[in-house]
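Taken in sequence, the protein lines are chains X and A. Residues 1 to 292 (our numbering) are what the first sequence spells out, left to right. Residues 1001 to 1286 (our numbering) are what the second sequence spells out, left to right. Even for Gly, the Cβ is constructed at its ideal location relative to N, Cα and C. Computed from a prediction, not measured in an experiment: that's the story for all the values here. These notes concern the structure reproduced below.
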Amino acid sequence: MISTDSTRVREQPATTPLPRRSPRRGGGSGASRPRVGAALSLGTAVLYLSLIVTIPLGAVVFDGTRQGPHDFWTAVTTPDAWAALKLTVVGALLVAVVNLFMGTVIAWVLVRDRFPGMAVVDLLIDLPFALPTIVAGLVLLALYGTTSPLHIDVAFTRTAVILALLFVTLPFVVRTVQPVLLELDRDMEQAAYSLGASPWTTFRRIVLANLAPAMLSGAGLAFTRAIAEYGSTSLISGNLPGKTQVAAVVIFGRIQNDDNASAAAISTVLLAIALLVLVALDILQRRTARRE
Amino acid sequence: MSEARSTAAKWAMRIVTVAYLAVLLVIPVGLIGWRTFAGGLQPVIDALTSDDFVHALRLTVVVAVCAVVLNTVFGITVALLLVRGRFWGKRLLSAVIDLPLAVSPVVVGLALILVYGSHAPAGGWIERHGVQIIFATPGMVAATVFVSLPLVVRAIVPVLQEFGEEQEQAAHTLGASRWTTFRRITLPSIRWALAYGIVLCLARALGEYGAVAVVSGRIVGQTQTVTLYVEQEYNNFDQPGAYAAATVLALIAIVALLVTKLLRPGGRRADAERLTEMQSGREEQR
Chain X
1 MISTDSTRVR
11 EQPATTPLPR
21 RSPRRGGGSG
31 ASRPRVGAAL
41 SLGTAVLYLS
51 LIVTIPLGAV
61 VFDGTRQGPH
71 DFWTAVTTPD
81 AWAALKLTVV
91 GALLVAVVNL
101 FMGTVIAWVL
111 VRDRFPGMAV
121 VDLLIDLPFA
131 LPTIVAGLVL
141 LALYGTTSPL
151 HIDVAFTRTA
161 VILALLFVTL
171 PFVVRTVQPV
181 LLELDRDMEQ
191 AAYSLGASPW
201 TTFRRIVLAN
211 LAPAMLSGAG
221 LAFTRAIAEY
231 GSTSLISGNL
241 PGKTQVAAVV
251 IFGRIQNDDN
261 ASAAAISTVL
271 LAIALLVLVA
281 LDILQRRTAR
291 RE
Chain A
1001 MSEARSTAAK
1011 WAMRIVTVAY
1021 LAVLLVIPVG
1031 LIGWRTFAGG
1041 LQPVIDALTS
1051 DDFVHALRLT
1061 VVVAVCAVVL
1071 NTVFGITVAL
1081 LLVRGRFWGK
1091 RLLSAVIDLP
1101 LAVSPVVVGL
1111 ALILVYGSHA
1121 PAGGWIERHG
1131 VQIIFATPGM
1141 VAATVFVSLP
1151 LVVRAIVPVL
1161 QEFGEEQEQA
1171 AHTLGASRWT
1181 TFRRITLPSI
1191 RWALAYGIVL
1201 CLARALGEYG
1211 AVAVVSGRIV
1221 GQTQTVTLYV
1231 EQEYNNFDQP
1241 GAYAAATVLA
1251 LIAIVALLVT
1261 KLLRPGGRRA
1271 DAERLTEMQS
1281 GREEQR
């Protein structure tokens, strides 16, 4: 199962110490050698991360804001950039909401339903993670483009952009809700039933209440993925400035025109939005963990 | 009455799920496969044996393998640190590792250009010493490493946690060196999860488009990867070429999916236990 991004939420305990951890660690005669080894590997890891991730990302923010707030604002609010940022955020929100609903339905079917071919459905969910984004764009263009055998031609429209974003974000909510639903105690639902609650009340008060945190983090991840997306939208959007260009496509155009400063400014906005969502998700997750 | 309604709801959800997946996923991907072979096998063979495609494929494999090797070594190191180590800033390190998943591929490319481009201080200095990074293979490897960075780490961490360190400590007490302990105890215990992470990383690396598009300069026959080849062929109205290459990439993705599916139950004990009742103990045979 290719559920990279979605399993991140569940795997977060990586950061908290395990209860099982032995308190003896670091004691005894061999203590100094492991400590040197650990320090060395920590140093190497931090260096690797700095060279590839943190310094370059820092350079984007630095270059994007170094000319001062006025120039930053000018770069971000040129008509094409502003339209692209609006489309990116609104489109990503729309996609997150659709996923919130569809992802939960699909997860429900995968966990509670049983029919022939279900293993295939389960496998298919991860296809968007595995499929290169350019192929995703090409594939959608074949069915919904000018050569569409169904005569549905949405190529170079905003609908096409949303379609591409729905394609690449499909697995997020499914893969965050699925494990929670799998562990959800059905006794609780049966208890509610037997106490006279209607199916809808039971669903709302028991199932939905328990799934809500997972649904929200899945939708949040889908949102961050959607605002970052480039490959699948680049072909299908047709690159129409002010109409179908998403932020990543505008940034790409700026880089091609050697306008790295304004590319960095728009990138900074994207990074800030992504960071905001990630922090919100982290807070949500801790609250949920505390309640449990 | 309520029974009938819940059956209707069940069917409605089943149909919605299948229809949504069909419209969004299955029919589009299937159509590409069908169109690829619509003109017979010969055009496909021609496209896949053209010099540009062969070169693109070779470069893609080189870049992906470099990135996977780097991220595997890094992934094991960091996973051990996150699970076994105790140091200040562990949460921060963990957060930074997940960061690449939230960064747009285009921004990744820009970030690398700003530091390692020939106009940047660092990139200029390196280039004067004879190594070109941007618009060359090293930059493409760096971009690929960036986008696939968390995959190996996140695959191993849960298994390492599950496994605990009692056996490692026992080996250590019996006089095994750290390397021997790692090789004989730790590595075998995480091998399935590691394989899972490596396959994920490889699939991501082979399919990366945006970040590589920015840092490669898209020089045909030099810095063009398979994903860039697909885009170029499509824009040149050579659809058979684009479709053939896209089908190759899609097949790689499907193989990766199947392999990860096979690896997952063995690699992730917690999940495997949960799946036991559903899969009737299939993982016991492993």
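(request) Note down the Cα distance separating X:S50 from X:Y144, rounded to an integer number of angstroms. (result) Within the first sequence, residue 50 of chain X is the residue found at index 50, counting from 1. Within the first sequence, residue 144 of chain X is the residue found at index 144, counting from 1. Cα to Cα, X:S50 sits roughly 42 Å from X:Y144.
(request) Report the residues of the segment 221-255 of chain X with a CB closer than 7 Å to any CB of chain A, ordered along the chain. (result) T224, A228, Y230, G231, L235, A248, I251, F252, I255
(message) Measuring alpha carbon to alpha carbon, tell me which residue in X:V61, X:A45, X:P128 is nearest X:A272.
(response) As a working mapping, residue 272 of chain X is identified with position 272 in the first sequence. Ranking the options by Cα distance to X:A272, first place goes to X:V61.
(message) Any beta carbon of chain X sitting closer than 9 Å to that of A:T1007?
(response) The sequence position of residue 1007 of chain A within the second sequence is 7, counting from 1. Chain X contact via Cβ: absent.
(message) Buried or exposed, going by whether 16 or more other CB atoms sit within 10 Å of the CB of X:T133?
(response) In the first sequence, the residue the question calls residue 133 of chain X occupies position 133. Flag for X:T133 reads buried.
(message) Please classify X:P69 as buried or exposed, where buried requires at least 16 other C-beta atoms within 10 Å of its C-beta.
(response) Against the first sequence, residue 69 of chain X aligns to sequence position 69. Label assigned to X:P69: exposed.
(request) Kindly indicate which residue of A:A1056, A:F1146, A:A1155 has the alpha-carbon position closest to the one of A:A1102. (result) Translated into positions along the second sequence, residue 1102 of chain A becomes position 102. Per the Cα distances, A:F1146.
(message) Taking 7 Å as the limit between beta carbons, can you name the residues of its chain near X:R24, skipping five residues before and five after?
(response) Within the first sequence, the letter at position 24 stands for residue 24 of chain X. Residue confidence for X:R24 is low, a pLDDT of 43 falling below 50, so the modelled location carries little weight and cannot support an answer.
(request) Can you say whether A:V1152 is buried or exposed, counting buried as having 16 or more other CB atoms within 10 angstroms of its CB? (result) Translated into positions along the second sequence, residue 1152 of chain A becomes position 152. The residue is buried, with at least 16 neighbouring Cβ atoms inside 10 Å.
(message) Any beta carbon from chain X within less than 9 Å of A:L1112's own beta carbon?
(response) On the second sequence, residue 1112 of chain A is found 112 positions in, with the first residue counted as 1. Yes, A:L1112 lies at the interface with chain X (some Cβ there is under 9 Å from its Cβ).
(request) Anything in chain X within Cβ reach of A:F1074, meaning under 7 Å, just list it in chain order. (result) As a first step, residue 1074 of chain A must be located in the second sequence, where it is residue number 74. A45, Y48, listed in chain order.
(message) Extract the residue ranges of the alpha helix (DSSP H) inside the segment 61-142 of chain X, only unbroken runs of 4 or more that lie entirely within it.
(response) 69-76, 79-112, 118-125, 127-130
(request) Check each residue of the segment 251-281 of chain X: if its Cβ is closer than 7 Å to any Cβ of chain A, include it; give the result in chain order. (result) I251, F252, I255, N260, A263, A264, S267, L270, L271, A274, L278
(message) Run through chain X and tell me which residues come within less than 9 Å of A:S1104, C-beta to C-beta.
(response) By 1-based counting over the second sequence, the position of residue 1104 of chain A is 104. What A:S1104 touches in chain X: I227, A228, E229, Y230, A247, A248, I251, S267, L270, L271, A274.
(message) Let me check understanding here. Comparing Cα to Cα, which of X:A107, X:E189, X:P79 lies closest to X:A119?
(response) Here the question's residue 119 of chain X lines up with position 119 in the first sequence. Of the listed residues, the one whose Cα sits closest to X:A119 is X:A107.
(request) Determine the chain X residues that contact A:E1302 at a beta-carbon separation under 8 Å, and present them in chain order. (result) Because chain A spans 1001 through 1286 in this model, residue 1302 of chain A falls outside it and cannot be assessed.
(request) Could you name each continuous alpha helix (DSSP H) segment of 4 residues or more that falls completely within the segment 1150-1196 of chain A, going from the start of the chain to the end? (result) 1166-1173, 1178-1181
(request) Output yes if chain A places a C-beta closer than 9 Å to the C-beta of X:P116; else output no. (result) Within the first sequence, numbered from 1, the residue matching residue 116 of chain X stands at position 116. It does not: the Cβ of X:P116 has no partner Cβ on chain A nearer than 9 Å.
(message) Starting from A:D1051, trace the alpha helix (DSSP H) in both directions and tell me its first and last residue.
(response) By 1-based counting over the second sequence, the position of residue 1051 of chain A is 51. Unbroken alpha helix (DSSP H) run through A:D1051: 1051-1084.
(message) On a Cα-Cα basis, can you pick out the residue from A:L1031, A:A1022, A:A1246 that is closest to A:A1056?
(response) Position 56 of the second sequence, counting from 1, holds the residue named residue 1056 of chain A. Of the listed residues, the one whose Cα sits closest to A:A1056 is A:A1246.
(request) Please confirm whether any heavy atom of the ligand GTP lies closer than 8 Å to the CB of A:A1102. (result) This structure does not include the ligand GTP; it has no bound ligands of any sort.
(request) Could you tell me the boundaries of the alpha helix (DSSP H) in which X:R205 lies? (result) Taking the first residue of the first sequence as 1, we reach residue 205 of chain X at position 205. Per DSSP, X:R205 belongs to no alpha helix (DSSP H) and is neither H nor E.
(request) Verify the CB distance criterion: does A:I1198 have a CB-CB separation below 9 Å to chain X? (result) Position 198 of the second sequence, counted from the start, is the residue given in the question as residue 1198 of chain A. A:I1198 does not count as touching chain X.
(request) In the DSSP assignment, find the unbroken alpha helix (DSSP H) run with X:T159 in it and report its ends. (result) Here residue 159 of chain X refers to the residue found at position 159 when the first sequence is read from its first residue. Where X:T159 is concerned, the enclosing alpha helix (DSSP H) stretches over 158-183.
(message) Report the CB separation of A:A1155 from A:G1197 in whole angstroms; it is logged as a contact under 8 Å.
(response) Mapped onto the second sequence, residue 1155 of chain A falls at position 155. Mapped onto the second sequence, residue 1197 of chain A falls at position 197. Correct: roughly 3 Å between the Cβ atoms.
(request) Return helix, strand or coil for X:T297, following the three-state DSSP convention. (result) Because chain X in this structure spans residues 1 to 292, residue 297 of chain X falls outside the shown range and cannot be described.
(request) With DSSP collapsed to three states, give me the class of X:L189. (result) Looking up residue 189 of chain X in the first sequence gives position 189. The identity of residue 189 of chain X in the sequence shown is Glu, whereas the question assumes Leu. DSSP places X:E189 in helix when its eight states are reduced to three.
(request) Can you tell me which of the three DSSP states A:T1223 falls into? (result) Counting from 1 along the second sequence, the entry for residue 1223 of chain A is found at position 223. Three-state result, A:T1223: coil.
(request) Could you spell out the range, first to last residue, of the alpha helix (DSSP H) harbouring A:K1090? (result) Counting from one through the second sequence, the residue named residue 1090 of chain A turns up at place 90. Run containing A:K1090: 1090-1098, per the alpha helix (DSSP H) assignment.
(request) Would you kindly work out how many angstroms separate the C-alpha atoms of X:A96 and X:L221, rounded to a whole number? (result) Here residue 96 of chain X is taken as the residue at index 96 of the first sequence, counted from 1. Here residue 221 of chain X is taken as the residue at index 221 of the first sequence, counted from 1. Their backbone Cα atoms lie some 8 Å apart in a straight line.
(request) Look up X:G43 in the DSSP assignment and say whether it is helix, strand or coil. (result) Numbered from its first residue, the first sequence carries residue 43 of chain X at position 43. Helix.
(message) For A:H1172, tell me which candidate among A:T1225, A:G1217, A:I1185 has the shortest Cα-Cα distance.
(response) As a first step, residue 1172 of chain A must be located in the second sequence, where it is residue number 172. That would be A:I1185, whose Cα lies nearest to the Cα of A:H1172.
(message) To the nearest angstrom, how far is the alpha carbon of A:A1012 from that of X:V109?
(response) Indexing the second sequence from 1 puts residue 1012 of chain A at position 12. Indexing the first sequence from 1 puts residue 109 of chain X at position 109. Distance between the alpha carbons of A:A1012 and X:V109: 10 Å.
(message) Quick check on DSSP: helix, strand or coil for A:V1230?
(response) As a first step, residue 1230 of chain A must be located in the second sequence, where it is residue number 230. Three-state result, A:V1230: helix.
(request) Could you tell me whether the Cβ of X:G218 comes closer than 9 Å to any Cβ of chain A? (result) Here residue 218 of chain X is taken as the residue at index 218 of the first sequence, counted from 1. Closer than 9 Å: no.
(request) Please report how far the alpha carbon of X:V105 lies from the alpha carbon of A:A1022, in whole angstroms. (result) For the purposes of this step, residue 105 of chain X is taken as residue 105 along the first sequence, with counting starting at 1. For the purposes of this step, residue 1022 of chain A is taken as residue 22 along the second sequence, with counting starting at 1. Each residue's alpha carbon lies about 15 Å from the other.
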